[in-house]
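Just so you know, the sequences run in chain order A and B. All letters in the first sequence, in the order written, are residues 30 to 431 by our numbering. All letters in the second sequence, in the order written, are residues 30 to 431 by our numbering. Beta carbons: idealized from backbone N, C-alpha and C, even for Gly. To keep things clear, I will list the structure first and then write my remarks on it.
There are 2 protein chains.
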Amino acid sequence: MQKIKPTSDARKTGTDLVFSAIRQTSPTPRIDIVRITGLSPATVTSITADLIANGLIEEVPAAKTAKYQKRGRPRVDLKIRGAAHLVAGVKLTDKIVTVIILDFDGARISDFSLPTEKPIHSSLETVDLLDDALKQALASANLEISDISGVGIGIPGIVDGPSGYVYWSPAISDRKIFLQDMLIERLEVPVFLDNDANLVAIAEQRFGLGREARNFIVVSVEQGVGMGIVIDGKLHRGFHGCGAELGHTKVHLDGALCRCGQRGCLEAYVGDYALLREASTALDSLSGKSPDVQMDILLSEARQGNQLAVSIIERAGRMFAMGLANVVNIFAPELIILAGERMRYDYVYGGEMIAEMKKSIMQAGAPSPEVRVHKWGDLMWAMGAAAFAIDGVSEIALKELN
Amino acid sequence: MQKIKPTSDARKTGTDLVFSAIRQTSPTPRIDIVRITGLSPATVTSITADLIANGLIEEVPAAKTAKYQKRGRPRVDLKIRGAAHLVAGVKLTDKIVTVIILDFDGARISDFSLPTEKPIHSSLETVDLLDDALKQALASANLEISDISGVGIGIPGIVDGPSGYVYWSPAISDRKIFLQDMLIERLEVPVFLDNDANLVAIAEQRFGLGREARNFIVVSVEQGVGMGIVIDGKLHRGFHGCGAELGHTKVHLDGALCRCGQRGCLEAYVGDYALLREASTALDSLSGKSPDVQMDILLSEARQGNQLAVSIIERAGRMFAMGLANVVNIFAPELIILAGERMRYDYVYGGEMIAEMKKSIMQAGAPSPEVRVHKWGDLMWAMGAAAFAIDGVSEIALKELN
DNA sequence: TATTTTAATTTGCTAATCAAATTAAATAAT
DNA sequence: ATTATTTAATTTGATTAGCAAATTAAAATA
């Protein structure tokens, strides 16, 4: 006759609910938490007291900008207690290792970067490299490894996030490595590893434009085209844990050759090397220059109206629109975030591309997603890694909270 | 100091957990439910007693095929009590309305179909038509509408499942209609409306190949190409509630014209009309025949080795593979179910297509999804609608369980 | 100074759930 | 046949997450 509730692991406890509500709306009074979580005021009082006692959150006596509160007992805002933990976020690319140190509330403590000596390292060298970069970053901020509660690491390639297993990465010479385990052993702190594009999505969710959306995708362009998918507030990684491969989505049957060996991949039309491949046969001015310079030339030629350059860029934009439209047709997010640091990818982020994409969505009256461009600074990727670490550390902290 | 759990709506209560565990593993003893749900034996006893008392489940004294149980008190299997409720599933197409009646356990009670007089109806006529078909189906099984606890209805087009709002359907002349509300008013039973492809996915999840998977996609081919996505055991509908549009995924920039008005849609390469469009310019034998007959001719020509027919079919298969690979690259499901009734779509379901698709997935060592073909009978679509109704009725029943 | 208003806390209870002990129903061992 | 063993299910008694209702807190307004 009696009714029953479970204590199963997957389900969120009240404490988790409250904590993530606070994290989402940062300085927020208890009544708002009541509204967000649906818990009773009594319960919220009890839980928040517990969290404060454990140092995970704190009251900020300064009430919020008066706003709609005219009279009555003033609200007391709650926020994540930054001092509770420090985390590091590390981004590995072929050229540079970037490290950022954030407090538990996401405030930047310091950042650091270290150029790599060569583009590809073995897994052992990678561990050395990351260890080295982290230690230097800590030293420059007068910190020690023991001050850090967790390290998030984003690397390009095919990575199984939950297990920290790397199938393949363009920055690492060997394949199928348990990189997370190797790093945990070396660094002696909790390490959270994932594909870099996934981590950018987490950064958008925590600190960026994804704070209010529960279903969105983040497309990030660096060398390749990366994508992170957030469904129902949760990063979707697919069953093998590796997330999505927008760059290797096919946009043309038997199309252009991609560096992955397949044909017709989106990346083979919009990646730097793909553009230069076309441009080099048409623009003499490129010969002998480095790829970066070549790209600059191509883009400035296009801006100045060189028809050839324009047509190359335009086609890339249209292909990109097509790839994006496919994601929308399949997934129907409420929001698409185009996140990136480089202004030079104008052709990708431009209004024309977005218009083209919207034209390619099967609509028949259903609302189409909002598209927003987020031009982060160059620490975007490391921020994502750090955000991931904060998530991981939070989980541990809440579990230990007993 | 005290720890707190929520009663929020979204979260599953123990009763929900137990009920869905039983539904998934059908005749199953209590200890297995203990293992599946993680609840304690005491709790399972209590909850199942409650469910039995309310008539939603029942004990089946005949123990399971002895198997691994050597001695000890014999297990008592539990299953959904079929007699608890009856539901109807209705599938609307331009040619026919199919109705199936299932009991609460998914056993077929009867089925019925009614050809439509014209391919497109107004929304009011559609309500009449569905009402009529349902009533006739009930009559033929000696049932009345009051015997039915819910009706699931699958229609093609852009449908917001949760709200039962139809943006557009090829079978209905007017747009933007609150069809579910209209039907509830007319039929006076709970009505659950959704896109037909989504409902096939639910059927696979409940009765078919998706019973053991938590992340899978179901691709169903009828006139168009439909897809249902199940993520984490839940149907993914996207934020506008309309599910995925695989058929209007773009596989060619500025490609073939689709009946949706856009260019390069997958459907414009693999749909019947697309194949016939090509074939009619090349195969004289087609002229003057009806589309169905034309398709039969085309396919039999291809089987007999007519190179022209073969090349048309082959290209469609490759395009299909490309569209499917894109879904895999984006979603990474563990299982792809190709569900359909018609043998004639061999070219779609064939091993070559699957091989082609697997070649087009970005892998680098990550496991690729299993592909399974499920050739249902012609009641597949109605079964899906009925499965959806069972879900809906279950939810209501559990909520009322006080 | 009293009243109103809103936020937060306290108090006391309810119900979901579990741990541990017990009973049930079978097989295996003596 | 009787007893021991094994596994399934139930009962008993406690625990605790969470709520409703009452209370206190801290402000603005009358």
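If we call anything under 7 Å between Cβ atoms a contact, is residue i one with residue j?
i                      : j                      : result
residue 243 of chain A : residue 262 of chain A : yes
residue 416 of chain A : residue 231 of chain A : yes
residue 413 of chain A : residue 183 of chain A : yes
residue 422 of chain B : residue 116 of chain B : yes
residue 236 of chain B : residue 369 of chain B : no
residue 398 of chain A : residue 365 of chain A : yes
residue 238 of chain B : residue 403 of chain B : yes
residue 327 of chain A : residue 345 of chain A : no
residue 143 of chain A : residue 51 of chain A  : no
residue 23 of chain B  : residue 323 of chain B : Chain B is shown from 30 up to 431; residue 23 of chain B falls before or after that span and cannot be answered.
residue 295 of chain A : residue 253 of chain A : no
residue 206 of chain B : residue 152 of chain B : yes
residue 269 of chain A : residue 384 of chain B : no
residue 71 of chain A  : residue 128 of chain A : no
residue 89 of chain A  : residue 56 of chain A  : yes
residue 418 of chain A : residue 181 of chain A : yes
Please decide whether residue i counts as near chain A, where near means a Cβ-Cβ distance under 7 Å.
i                      : result
residue 282 of chain B : yes
residue 287 of chain B : no
residue 185 of chain B : no
residue 227 of chain B : no
residue 363 of chain B : yes
residue 267 of chain B : yes
residue 34 of chain B  : Residue placement at residue 34 of chain B is poorly supported in this model, since its pLDDT is 31, which falls under 50; the coordinates still yield a value, given next. It does; some Cβ of chain A falls within 7 Å.
residue 356 of chain B : yes
residue 359 of chain B : yes
residue 340 of chain B : no
residue 37 of chain B  : Summary for residue 37 of chain B: the model assigns pLDDT 32, below 50, so the residue's position carries little reliability; its value from the coordinates is reported in the next sentence. Chain A contact via Cβ: present.
Using a beta-carbon distance below 7 Å, is residue i in contact with chain B?
i                      : result
residue 351 of chain A : yes
residue 303 of chain A : no
residue 417 of chain A : no
residue 432 of chain A : Chain A is shown from 30 up to 431; residue 432 of chain A falls before or after that span and cannot be answered.
residue 230 of chain A : no
residue 436 of chain A : No information on residue 436 of chain A is available, as it lies outside the stretch 30 to 431 that chain A covers here.
residue 201 of chain A : no
residue 246 of chain A : no
residue 433 of chain A : Chain A is shown only over 30 to 431; residue 433 of chain A falls outside these bounds and no answer can be derived.
residue 194 of chain A : no
residue 274 of chain A : yes
residue 395 of chain A : yes
residue 139 of chain A : no
residue 69 of chain A  : no
residue 389 of chain A : yes
residue 383 of chain A : no
Quick one: is residue i buried, meaning 16 or more other Cβ sit within 10 Å of its Cβ, or exposed?
i                      : result
residue 59 of chain B  : buried
residue 84 of chain A  : exposed
residue 381 of chain B : exposed
residue 193 of chain A : buried
residue 334 of chain A : exposed
residue 112 of chain B : exposed
residue 82 of chain B  : exposed
residue 320 of chain A : exposed
residue 148 of chain A : exposed
residue 219 of chain B : buried
residue 125 of chain A : exposed
residue 101 of chain A : exposed
residue 191 of chain B : exposed
- Does the segment 247–255 of chain A touch the segment 222–231 of chain A, meaning 3 or more C-beta pairs lie closer than 8 Å? yes
- Task: Would you list, in sequence order, the uninterrupted beta strand (DSSP E) runs of no fewer than 3 residues that lie entirely inside the segment 120–164 of chain B?
- Result: 125–132, 137–144
- Which residue spans inside the segment 286–333 of chain A form an unbroken beta strand (DSSP E) run of at least 3? none
- Runs of alpha helix (DSSP H) lying entirely within the segment 360–428 of chain A, each at least 4 residues, in chain order: 375–378, 380–388
- Message: Give the list of continuous alpha helix (DSSP H) stretches no shorter than 4 residues that lie fully inside the segment 41–67 of chain B.
- Response: 43–54, 59–66
- Could you tell me whether the segment 268–288 of chain B touches the segment 383–391 of chain B, where touching means 3 or more Cβ pairs closer than 8 Å? no
- Message: Extract the residue ranges of the beta strand (DSSP E) inside the segment 244–268 of chain A, only unbroken runs of 3 or more that lie entirely within it.
- Response: 245–250, 254–260, 263–265
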